[in-house]
Amino acid sequence: MAPARITGIGTAFPQTALAQERLPELLPAGHGNTDVLHKLLDRSGIRWRRLAVDPESEDVSSWGTRERMRRFQREALPLARDAVADALTDAGVDAGRVGHLCAVSSTGYQSPGVDSRLISELGMSPATQRLFVGHMGCHAALPGLAVCTDFVRCHPHPAVLLNVELSSLHLQPPPWDVEQLVINSLFGDGAVAMVLRGPDAPPGGAAVVDTASYTDVEHEEHMTWEVGDTGFPMGLSSRIPELIALRLPEVVRALLHPHGLAPADVDWWAIHPGGRKIIDAAEESLSLTPEATVTSRAVLAEYGNCSSAGLPIVLAELQRNRPLPSGEHGVAMTFGPGLTLYTALLRGE
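Numbering-wise (this note's numbering), the sequence shown opens with residue 97 and increments by one.
Rendered as structure tokens:
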């Protein structure tokens, strides 16, 4: 089978950077869970989050869904444009050569949307094929990667995978219970793009070897992402780390075994930075060293959980600072509603 390789990555983030310790100042007056929030922040592993809307000047929680979707289009397009442009430059690919654009978002939808507008913004061909992957949640980057991989294996043109998430637009109205406080303190905004190429790609990059997933339908109620009148309310159970740890080893085995590999053969691990306990669960269940999760923890600390863009940010950091050596393997993993565990096997080229 013809190889598909990630040959360029670009990232873009909103200008507003919110320090985690400032979050209690932004709670509504008289909020009863201030002490709980301080404890959550101390244990979160997050220092900063980038936000498309500055909470000091605008109260998103009072907006209706229509207003949030309109704001998404306004804020997401420049971030998406910058991320894709940087990825194309990194890959040495002209925008006019792109044959497929897969845009992923769980936080904003409209048609025509960001994906179609990028065609004219970046000078892509009107013949560029497009696919929008919506509302899958934090694990959506890897299904998108699989689609782009299949495209470049069958077509002579590069593909672009774009993940753009503005979770801050979905702040829910108070009162906030402990679960909602966790959600409000966890998510950040950003955009990441990756360029994939087929056999014509120059040497280098990371080949996408395989993917494997598991949908734990018995526990689907533990992570939810609904459409409501005030944006997209989320449900996030405290059992998520436990449930991930229960299933992750068998999913990783299913990914590696057909290729004659075991976890000990993996050079680096890209774990979705969904939260400190999520990374802990992956590290402990797979018996990884602390060094294996350093990059995922660093991304969590700097950006928070950026939903489907979170894992691609980790991949970007790994490829920039510690690219896979030729012939060595890496494993990427994401977790989202379903309850879904999704993994990908990469190889340095």
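Just so it is clear, CB atoms sit at the ideal spot from N, CA and C, and this is done for glycine as well. No experiment lies behind these values; they were computed from the predicted model shown.
Beta-ladder partner(s) of residue i, from DSSP
i, result
"residue 233", "Residue 233 pairs with nothing; no bridge assigned."
"residue 261", "286"
"residue 438", "309 and 430"
"residue 200", "229 and 259"
"residue 323", "For residue 323, which the question treats as bridged, DSSP gives no partner whatsoever."
The alpha helix (DSSP H) enclosing residue i, as first and last residue numbers
i, result
"residue 165", "161-187"
"residue 411", "406-417"
"residue 342", "336-352"
"residue 211", "210-218"
Per-residue DSSP class, three states only, for residue i
i, result
"residue 247", "helix"
"residue 205", "coil"
"residue 376", "helix"
"residue 268", "coil"
"residue 395", "helix"
"residue 240", "helix"
"residue 390", "helix"
"residue 150", "coil"
"residue 360", "helix"
"residue 403", "helix"
Close Cβ partners of residue i (< 7 Å) along its chain, the five nearest in sequence each way excluded
i, result
"residue 179", "106, 107, 108, 258, 287, 288 and 289"
"residue 262", "148, 168, 171, 172, 203, 204 and 285"
"residue 275", "332"
"residue 348", "359, 382, 427 and 439"
Boundaries (first-last residue) of the beta strand (DSSP E) holding residue i
i, result
"residue 427", "425-432"
"residue 139", "No beta strand (DSSP E) holds residue 139; the alpha helix (DSSP H) holding it covers 130-139."
"residue 280", "That residue, residue 280, is in no beta strand (DSSP E); its alpha helix (DSSP H) goes 274-280."
"residue 193", "Per DSSP, residue 193 belongs to no beta strand (DSSP E) and is neither H nor E."
"residue 147", "144-147"
"residue 156", "Careful: residue 156 lies outside any beta strand (DSSP E) and carries neither H nor E."
"residue 103", "101-108"
Neighbourhood of residue i by C-beta distance below 6 Å, restricted to the same chain and skipping five residues each side
i, result
"residue 297", "101 and 103"
"residue 145", "114, 284 and 400"
"residue 403", "202, 234, 261 and 263"
Distance, residue j Cα to residue i Cα
i, j, result
"residue 217", "residue 181", "10 Å"
"residue 135", "residue 293", "46 Å"
"residue 204", "residue 164", "8 Å"
"residue 264", "residue 389", "26 Å"
"residue 116", "residue 195", "41 Å"
"residue 252", "residue 224", "12 Å"
"residue 231", "residue 321", "8 Å"
Residues of its chain near residue i, where Cβ-Cβ distance is below 8 Å and the 5 sequence neighbours each way are ignored
i, result
"residue 132", "274 and 277"
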